[in-house]
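A short worksheet on the structure shown next.
Residue numbers (our numbering): 308 to 636.
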């Protein structure tokens, strides 16, 4: 996102032409959901920026300032769909950075939140990735390995992958929350960036709505099925959460939503034959019901976890968020 040329007499290299990325990030900490609507900015030469917003084309008010340049870059090669839930030592993320450098970290540090980078995937979702090793293989070109992909519930972005030249943002203190109020979550606003240098140049407006990804329920995991002696099948799964879900002390994680609810799609031959909703992490399926619903399908029973995050509904204020699951035969 480039700004306009400086017409105040300075040279072209002094023009205020920042690179800005408005980011609707998943919940990374226990902070309020709207605080994960963020902005990352960089320009050369570096100037501090004031970020303002308005619901119209006038009446802008300053929301935040960017005091540090963000480490922005782009993939130099495609990032293919990959695994999540464990370190990937087979693949490498290759990117070019506009500014700054990267460093390696040990496994415990990465598992504790160090070395995080966001990559904009083909489904326009930011994938959160941790990495163990960073190596500069050419000026400003980096190879990242020991990847931990799909963090903070971004497995849908992992499944989508990212093309070469896709945007990368190193997640650190230079990434600034936009200061949205709870009532502004999900609302499209016009945003301007203004140089705080002597010229006071301004670029924009940029239209952005954020604060929703941090309220998107995570898809369940560990889908399992047990065939009972009477021929019925009990389908179960494990609930995930966005808040305080990494502790080892409690027998269960806190509930993110006002109520625990799930949507399940029963499928046969690639088509949904029934949609069911429930409030427990288990679905009983009788033999008679299976015979009725799947009488046109051939083969044995097969059950798969839904991997497409687009099927998960976003929770807005006052509404219930569903966690989605899919079963196939």
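Heads up, the beta-carbon is just placed ideally off N, CA and C, and yes, glycines get one too.
- Residue 480 sits in coil when the DSSP states are folded into three classes, being neither helix nor strand.
- For residue 465, the enclosing alpha helix (DSSP H) starts and ends at 462-467.
- A straight-line Cα-Cα distance of about 20 Å links residue 539 and residue 579.
- In this structure residue 465 is buried. Its beta-carbon is surrounded by 16 or more other beta-carbon atoms within 10 angstroms.
- The beta carbons of residue 459 and residue 435 sit closer together than 8 Å.
- For the set 323, 324, 331 and 322, the Cα lying nearest the Cα of residue 483 is the one of 331.
- Taking the Cα of residue 586 as reference, the smallest distance to any Cα among 571, 389 and 419 is reached at 571.
- Rounded to whole angstroms, the gap between the alpha carbons of residue 486 and residue 371 is 7 Å.
- According to the DSSP assignment, residue 442 belongs to the beta strand (DSSP E) that extends over 433-445.
- Annotation: residue 510 is outside any alpha helix (DSSP H); the continuous beta strand (DSSP E) that includes it extends over 509-515.
- Per DSSP, residue 426 is not a residue of any alpha helix (DSSP H); the beta strand (DSSP E) it occupies stretches across 423-427.
- Residue 472 carries a coil assignment under DSSP once its states are collapsed to helix, strand and coil.
- Contact annotation: the region 525-544 does not touch the region 355-373, with fewer than three C-beta pairs closer than 8 Å.
- For residue 372, the beta-bridge partners assigned by DSSP are 357.
- Cβ atoms of residue 476 and residue 347 come within 8 Å of each other, at about 5 Å.
- In terms of Cβ geometry, residue 391 and residue 457 form a close pair [threshold 8 Å].
- For the 8 Å CB-CB criterion, residue 334 and residue 521 form a contact.
- In this chain, the alpha helix (DSSP H) harbouring residue 414 covers 414-418.
- Inclusion of residue 508 and residue 323 in the CB contact set at 8 Å is warranted, their separation being smaller than that value.
- Between residue 429 and residue 519, the alpha-carbon positions lie close to 18 Å from each other.
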